[in-house]
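Chemist: Okay, handing you the structure first.
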Amino acid sequence: MLMRLFSNAVVRSFDPAASDTTSAVAPDSILVNGEKIVAVGTRAELLDIAATESSTAAALASAGGIGATTVIPGLEIEEIDCAGQVILPGLVDAHMHSVHYADSLTDLDLSNVRSLAEAVEAIRERASQMPFGEWVVGSGWDLNKWDDPRYPDRQLLDQAVPDHPVAMWSVDLHTLWTNAHGLEIAGIDDLTADPFGGEFVRDDEGWLTGLVREDATDLVARYIPEPTREEQVERLDRTQKLFLSQGLTGIHDFDSIASTLGWYDLREADQQHIRVTKYLRGPEVPWAIETGWHTGDGDDWLHRGGLKLFSDGALGSHTSHMSSPFPDPNAHDDAHDSERDVEAEQDAEAVETTDRERDDASGDLGVSAEASEQEYYTYPGSLPEEALSTEAVDANYGIAQMSEDDLFDNARLATEAGISVAIHAIGDQANHHVLNVFERLRETTKDAEERFERPLRHRVEHAQFIQPDDVARFAELDVIASMQPRHCISDLHLLHLIDESAQLAAYAWPDLLSAGAHVAFGSDGPVEPANPFAAIYAAMTRANISGDTTTSFQPRRRLSATEAIRQHTFGPAYAAGLDDRRGYLAPGMDADFIVVDTDPCTAEGLTELTTLDHDGLLGYESEEALFAHAEAIRDTTVALTVVGGQVKYQA
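Numbering-wise (this note's numbering), the sequence shown opens with residue 137 and increments by one.
See below:
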């Protein structure tokens with residue numbers, strides 16, 4: 137087998153034993169044998185190593201051009217010219233929904249619509265192109281970004297799309313917007329009770345509005361036809377190629393069994409080119425235990441992760457479990473009511489109607505403010521103690537999808553079977569309960585790690601809002617904070633929902649790292665785009681994606697480029713129990729790396745390379761210098777992506 141020499145580069149190894157991320161001087165080459173790194177150093181040093189191994193020395197002919205290869209005469213080496221660009225460890229997305237992402241590339245995309253009427257029109261247009269009666273499926277709508285931020289309603293869908301069931305996921309995937317046809321297929325009517333951990337949203341008179349939240353979405357989604365197994369493989373293949381082009385060499389996948397089968401099929405066909413750590417959903421646990429699924433099993437390409445449970449919902453859907461209530465959506469004055477009623481009538485008129493009438497419709501089909509704005513209630517027993525007053529009972533503190541005891545029982549069952557646990561928690565009350573669960577789970581975890589002879593590293597997924605006293609508990613309990621920097625800047629328009637008096641640690645990556653906790657970065661794709669360089673930009677600036685410095689949220693909690701990259705490399709490796717083989721570039725490690733056009737470790741105006749810095753400037757001379765470098769990183773172009781020593785993507 138030919139060794140490969142990737143040369144003429146600036147190598148930023150992120151090896152904790154090296155200094156190349158905090159020094160202007162860096163190695164220029166990597167020597168690879170098979171799927172492993174042999175050495176990192178200068179080209180001359182690595183040729184000497186190769187010559188020693190092959191007992192032959194030789195001169196090199198000019199390679200020329202990035203990615204160009206030359207076989208060195210007399211040596212079993214193929215040299216790849218990196219044309220002076222930068223080599224970084226392969227980036228890994230620690231929280232991804234691969235099937236949902238694949239579907240989002242095919243289904244209707246509502247992420248760019250600016251109003252309810254525009255969303256309905258886009259749905260109607262898609263339906264007009266589909267066979268009669270087929271489901272119209274899409275995602276990405278975010279009423280918080282609409283010019284008329286009103287809750288969608290099934291009545292407009294019933295008017296515009298009477299002959300198709302509709303299923304439109306919100307941007308956070310925690311709310312489903314459907315029509316009467318979709319509800320009928322699912323067997324849901326106005327008398328259907330809410331499932332625990334979910335809600336069929338109703339208007340003031342008790343009629344279904346077509347919005348379905350949290351666990352209740354499963355009762356509709358199960359009737360949406362899934363792609364065939366062959367179609368799913370094709371979609372996943374297209375998606376992995378996109379990820380590779382963005383510098384991702386691996387993902388932690390939190391989708392259902394359909395994605396597991398898809399990745400298995402790709403691997404069996406020798407077409408899996410990105411490494412996958414696969415997590416389970418709750419309903420799959422009995423099957424996993426019966427079949428002997430253990431965290432850490434699998435192979436180099438399809439690695440077995442843990443179990444995902446849900447503690448709460450999402451900020452944008454007002455279902456994240458908080459210690460302080462969300463603002464009352466019905467608290468507005470009469471003038472605002474009147475204005476919204478006029479807007480609703482205009483929206484109704486903007487949608488082309490048909491002669492078909494709904495049997496259960498009566499009166500004006502326009503959406504009024506009273507019909508479109510709902511009250512949402514927390515489930516009994518999930519309120520913080522201080523909220524259990526007469527005045528607070530009807531307030532919205534979000535949704536506790538499982539009680540603390542139920543979370544613990546499920547987590548213990550999985551841990552005893554050798555399966556680590558990842559629990560979704562966005563609100564501060566949810567994070568507090570989840571940390572309590574992991575504290576109760578400590579002895580069970582220790583015993584399971586000894587029996588199965590492997591680490592079981594538990595995680596909190598998202599950890600967006602944390603009570604100050606809980607920050608240190610992540611480190612004390614050795615719980616990983618699996619976080620998504622893009623959420624911070626995508627949620628800028630939602631932060632008014634958070635009670636400032638609570639002084640919560642919000643998107644607090646540096647706080648957690650300073651406390652000694654492990655952090656792993658991901659995207660939560662397709663909730664956010666998968667591009668990891670945009671996530672690094674978000675961690676550095678905490679400002680909107682366009683680079684507006686005035687939008688920066690809590691600049692003291694910015695993270696340097698080098699530290700953000702560590703959370704996209706070593707962080708996911710540690711979370712998966714693979715930190716002895718991935719996460720940085722060093723002899724004996726897996727040969728997963730990328731070649732890019734932007735150096736995250738040097739920039740004009742960067743006077744001191746830092747890892748953590750709470751002054752907001754991260755060692756840059758000015759805010760302008762920081763943003764200039766962050767934007768250059770955001771716009772990084774990937775030239776090569778190497779996984780297991782093989783070039784899997786070339787621009």
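Glycine residues also receive a C-beta, built at the ideal position from the N, C-alpha and C atoms.
Can you tell me whether VAL503 is buried or exposed? The criterion is at least 16 other CB atoms within 10 Å of its CB, across all chains shown.
Modeler: A caution first: VAL503 carries a pLDDT of 29, below 50, which makes its placement in the model unreliable, though a value can still be read off. Classification of VAL503: buried, given that the 10 Å Cβ count is 16 or more.
Chemist: Check this for me: beta carbons of ALA292 and ILE701, under 8 Å apart or not?
Modeler: Strictly speaking, residue 292 in this sequence is Leu, with Ala absent from that position. For LEU292 and ILE701, no; Cβs fall outside 8 Å.
Chemist: Taking just the CA atoms, how far does ILE166 sit from VAL570?
Modeler: Going from the Cα of VAL570 to the Cα of ILE166 covers about 42 Å.
Chemist: Across which residues does DSSP place PHE657 in a beta bridge pair?
Modeler: PHE657 is bridged to MET619.
Chemist: Report the partner residues of VAL732 according to the DSSP bridge assignment.
Modeler: Per DSSP, VAL222, VAL774.
Chemist: Assess contact between the stretch 331-345 and the stretch 242-261, defined as three or more Cβ pairs (one per stretch) separated by less than 8 Å. Is contact present?
Modeler: No, the stretch 331-345 does not touch the stretch 242-261.
Chemist: Bridge partners for ILE173 per DSSP, in chain order?
Modeler: VAL168, per the DSSP bridge assignment.
Chemist: Nearest-angstrom Cα distance between ALA766 and ILE672?
Modeler: Cα to Cα, the separation comes out at about 8 Å.
Chemist: Using the three-state DSSP reduction, which class does TYR533 fall into: helix, strand or coil?
Modeler: Looking at TYR533 - three-state DSSP - the assignment turns out to be coil, as it is neither helix nor strand.
Chemist: Please determine if the stretch 411-431 and the stretch 262-277 are in contact, where contact requires at least 3 C-beta pairs separated by less than 8 Å.
Modeler: The stretch 411-431 is not in contact with the stretch 262-277.
Chemist: At which residue ranges does the stretch 279-353 contain complete beta strand (DSSP E) runs of 3 or more residues, listed in the order of the chain?
Modeler: 302-306, 311-314, 334-338, 344-350, all fully within the stretch 279-353.
Chemist: With distances taken between CB atoms, is the gap from VAL788 to LEU312 smaller than 8 Å?
Modeler: A question about residue 788 goes unanswered here, because the residues of the chain that appear run from 137 up to 787.
Chemist: Among ALA638, PHE610, HIS598, which residue has its Cα nearest to the Cα of CYS624?
Modeler: When only C-alpha atoms are compared, the closest one is HIS598.
Chemist: Compare the C-beta of ALA739 against all C-beta atoms of chain C and say whether one is closer than 8 Å.
Modeler: Any reference to chain C falls outside this structure, which holds one protein chain only.
Chemist: Which value, in whole angstroms, describes the spacing of the CA atoms of LEU631 and GLY534?
Modeler: One C-alpha to the other measures close to 15 Å.
Chemist: Taking C-alpha atoms, which residue in ASP771, ALA775, ALA739 lies nearest to SER758?
Modeler: Looking at the Cα atoms, ALA739 is the closest of the given residues.
Chemist: At what residue ranges does the stretch 364-435 contain a whole run of the beta strand (DSSP E), taking only runs of 3 or more?
Modeler: Those beta strand (DSSP E) runs which fall completely within the stretch 364-435 and span 3+ residues are 384-389, 411-417.
Chemist: Below 8 Å between beta carbons: does that hold for GLU350 and GLN565?
Modeler: No, Cβ-Cβ distance for GLU350 and GLN565 is not below 8 Å.
Chemist: Name the DSSP beta bridge partners of VAL249, please?
Modeler: Paired residue(s): none; VAL249 is not in a bridge.
Chemist: What did DSSP end up calling ASP233 once you bin it into helix, strand or coil?
Modeler: In the sequence on display, residue 233 carries His and not Asp. If DSSP states are grouped into helix, strand and coil, HIS233 belongs with coil.
Chemist: Can you tell me the Cα-Cα spacing of SER275 and ASP391, whole angstroms?
Modeler: Going from the Cα of SER275 to the Cα of ASP391 covers about 16 Å.
Chemist: Would you check if the distance between the CB atom of HIS654 and the CB atom of GLY719 is smaller than 8 Å?
Modeler: Result no, Cβ atoms of HIS654 and GLY719 do not sit closer than 8 Å.
Chemist: Can you give the beta carbon distance from GLY346 to ARG290, rounded, assuming they're within the 8 Å contact cut?
Modeler: Correct: roughly 3 Å between the Cβ atoms.
Chemist: Buried or exposed: where does GLY792 fall if 16 or more other Cβ atoms within 10 Å of its Cβ makes it buried?
Modeler: No information on residue 792 is available, as it lies outside the stretch 137 to 787 that the chain covers here.
Chemist: Expressed to the nearest angstrom, what Euclidean distance is found between the alpha-carbon atoms of THR427 and ASP435?
Modeler: For THR427 and ASP435, the distance between alpha carbons rounds to 16 Å.
Chemist: Determine the extent of the beta strand (DSSP E) in which HIS439 is found, giving its start and end residues.
Modeler: Looking at the DSSP string, the run of the beta strand (DSSP E) that includes HIS439 is 438-446.
Chemist: Cα separation between VAL607 and THR364?
Modeler: C-alpha separation (whole angstroms): 44 Å.
Chemist: Would you mind listing the alpha helix (DSSP H) stretches within the stretch 689-728 that are 4+ residues and don't spill past its ends, in chain order?
Modeler: For the stretch 689-728, whole alpha helix (DSSP H) runs of length 4 or above, ordered along the chain, are 697-711.
Chemist: For the beta strand (DSSP E) containing GLU597, list its first residue and its last residue.
Modeler: Segment 595-598, the beta strand (DSSP E) holding GLU597.
Chemist: On the CB-based measure, 16 or more other CB atoms within 10 Å of its CB, does PRO516 come out buried or exposed?
Modeler: Low confidence applies here, because PRO516 scores a pLDDT of 32, under 50, leaving its location unreliable and the question unanswered by this model.
Chemist: Indicate the three-state DSSP secondary structure (helix, strand or coil) for ALA558 in the structure shown.
Modeler: The answer is strand: DSSP assigns ALA558 an E or B state.
Chemist: Let me check understanding here. Comparing Cα to Cα, which of LEU613, PRO288, ASP239 lies closest to VAL256?
Modeler: The residue with the shortest Cα to Cα distance from VAL256 is PRO288.
Chemist: Are the beta-carbon atoms of PRO298 and ILE321 separated by less than 8 Å?
Modeler: Result no, Cβ atoms of PRO298 and ILE321 do not sit closer than 8 Å.
Chemist: Could you check whether ALA761 and GLU171 sit closer than 8 Å to each other, using their CB atoms as the reference points?
Modeler: For GLU171 and ALA761, no; Cβs fall outside 8 Å.
Chemist: Since LEU380 contacts HIS560 with CB under 8 Å, what's their CB separation in whole angstroms?
Modeler: The Cβ separation is near 27 Å, so there is no contact.
Chemist: For THR698, does the count of other Cβ atoms within 10 angstroms reach 16, so buried, or fall short, so exposed?
Modeler: Buried is the call here.
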